[in-house]
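To keep things clear, I will list the structure first and then write my remarks on it.
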Amino acid sequence: AMHAQWLLDTRYDALALAAPTRLGTIGLGAARLGAGNLEGRSADRRAAGGFTAQDSLYAVSLARGLMPRTGVGGSLKFIRSEIGPYSAQTVALDLGVRRELEAKPLTLGLSISNLGRGLKFLDQEDPLPTALAAGAAWRLGGLLGIVGEVRQELRGGKLSASVGTEYALLGSLSLRAGYASGALKQAGSPLAGLGAGLGLRWKAVSADYSFTPFGSLGDVQRLGLSSRFK
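Take the sequence shown: its letters are residues 105 to 334, numbered as in the numbering used here.
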C-alpha cells in the first residue's frame with residue numbers, strides 16, 4: 105500500500121497483492137490519482153463553478169521464470185480517466201524481462217509500458233505515454249545497492265534517466281537517495297530531481313518514506329507499507 109502527497113494538492117494512492125501459484129506469481133493492483141477540486145471556466149474565461157478530476161487503474165499481472173536467473177512478466181491494465189461529468193477508458197499492456205548475471209551481483213531489466221489505444225474524451229483522443237525502459241541494479245556485500253534507469257517515451261521522444269542508492273544498516277534500517285533528470289527544468293529549482301528517504305523493517309512488515317522537493321511547486325512525500333504472509 106502506498107500514499108503520495110503530490111504537487112498542488114494532488115494525491116496518489118495504490119494497493120497491490122501478489123502470490124505464487126503453479127502458473128507463476130499472480131498480482132492484483134489498483135491505483136488512483138486525484139487532482140482535488142479545480143476551478144471551472146467557461147469559453148469566455150469566466151468562473152463557472154468547480155469540478156474534480158481523477159484517474160484510476162486496475163491491473164492483473166503474471167510473472168514467472170523463463171530459464172535459470174531469467175524472469176518475464178506482464179500486466180493487463182484497465183484505465184479510466186474522469187474530468188468533471190466526462191469520462192474515458194481504455195485497456196493497456198505492460199511487458200518486462202529481468203536477468204540476473206551469473207556470479208555477479210548485477211541484475212538487468214527491460215520493459216515496455218502502456219501499449220494500447222489512447223483515452224478519448226468526446227471527439228478528442230490522447231495517446232497513452234508508451235515508454236521503453238532499461239535498468240540495472242547492483243548490490244555490494246548485501247549492504248550497498250545502486251540502481252539506474254534510462255527511459256525513452258516513444259511518442260514525443262522524451263528521454264530521461266534516474267539513479268538511486270540504498271545503504272542497509274543493522275538489517276532493519278535502510279537509508280536511500282536518488283536523482284531523476286527532467287525535474288529541474290519542470291520545477292526551476294536546483295534541488296528538483298533529488299530525493300531522500302528511509303525504510304524500516306520489523307519481521308515481515310516494512311515501512312518506506314521519501315521526500316522530494318520541487319521548488320515553488322511544493323514538495324512530494326510518499327509513504328508505503330508492505331507485509332509478507334506465509
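Just so it is clear, CB atoms sit at the ideal spot from N, CA and C, and this is done for glycine as well.
Source: prediction; values computed, not measured.
Using only the alpha-carbon positions, how far apart do residue i and residue j sit?
i    : j    : result
A123 : A163 : 14 Å
G282 : V251 : 9 Å
N305 : F182 : According to the sequence displayed, residue 305 carries Arg and not Asn. Going by the C-alpha atoms only, they are around 32 Å apart.
G154 : S285 : 34 Å
M106 : A207 : 34 Å
R150 : L258 : 37 Å
R255 : S278 : 26 Å
L263 : P231 : 17 Å
A108 : S215 : 24 Å
N218 : A152 : 34 Å
E270 : V309 : 18 Å
S276 : L236 : 34 Å
G311 : A120 : The question names Gly, yet the displayed sequence has Ala at residue 311. Their Cα atoms are separated by approximately 15 Å.
G297 : W242 : 22 Å
P317 : G268 : 16 Å
F333 : L327 : 20 Å
G249 : P172 : 23 Å
L205 : G131 : 25 Å
P233 : L199 : 14 Å
Kindly list the residues whose CB is nearer than 6 Å to the CB of residue i, restricted to its own chain and excluding five residues on each side of it in sequence; keep chain order.
i    : result
V176 : L170, V201
G301 : R280, Y313, S314
R221 : T194
A118 : M106, A135
T174 : R203
G299 : G282, S314, T316
K224 : A192
A238 : L214, V254
L244 : none
Inspect the beta-carbon positions of residue i and residue j and report whether they are closer than 8 Å.
i    : j    : result
R136 : S160 : yes
S179 : S185 : no
A157 : T129 : no
A240 : L210 : yes
A265 : E253 : yes
Note the first and the last residue of the continuous beta strand (DSSP E) segment covering residue i.
i    : result
S331 : 323 to 331
P253 : According to the sequence as given, residue 253 is Glu; it is not Pro. Per DSSP, E253 belongs to the beta strand (DSSP E) from 248 to 257.
R126 : Premise fails: R126 is in no beta strand (DSSP E) and is neither H nor E.
L295 : Note, L295: premise wrong, no beta strand (DSSP E); not H, not E.
T156 : 151 to 171
G311 : One point to set straight first is that residue 311 is Ala, not Gly, in the sequence displayed. First-last of the beta strand (DSSP E) with A311: 309 to 317.
G188 : G188 -> no beta strand (DSSP E), and no H or E assigned at all.
A108 : 106 to 109
Within the same chain, show all residues whose beta-carbon is closer than 8 Å to that of residue i, passing over the 5 residues directly before and after it, in chain order.
i    : result
G322 : L111, L112
T114 : L137, G138, A139, G140
A188 : Strictly speaking, residue 188 in this sequence is Gly, with Ala absent from that position. G144, F155, T156, A157, listed in sequence order.
D227 : none
L142 : G154, F155, T156, A157
Go through its chain and collect everything with a Cβ distance to residue i's Cβ below 7 Å, but skip five positions before and after it.
i    : result
R145 : A151, A152
L247 : Y271, A272
Handout entry: 3 or more residues per run - each beta strand (DSSP E) lying fully within the stretch 202 to 282
Key = 210 to 220, 223 to 225, 228 to 230, 235 to 244, 248 to 257, 263 to 273
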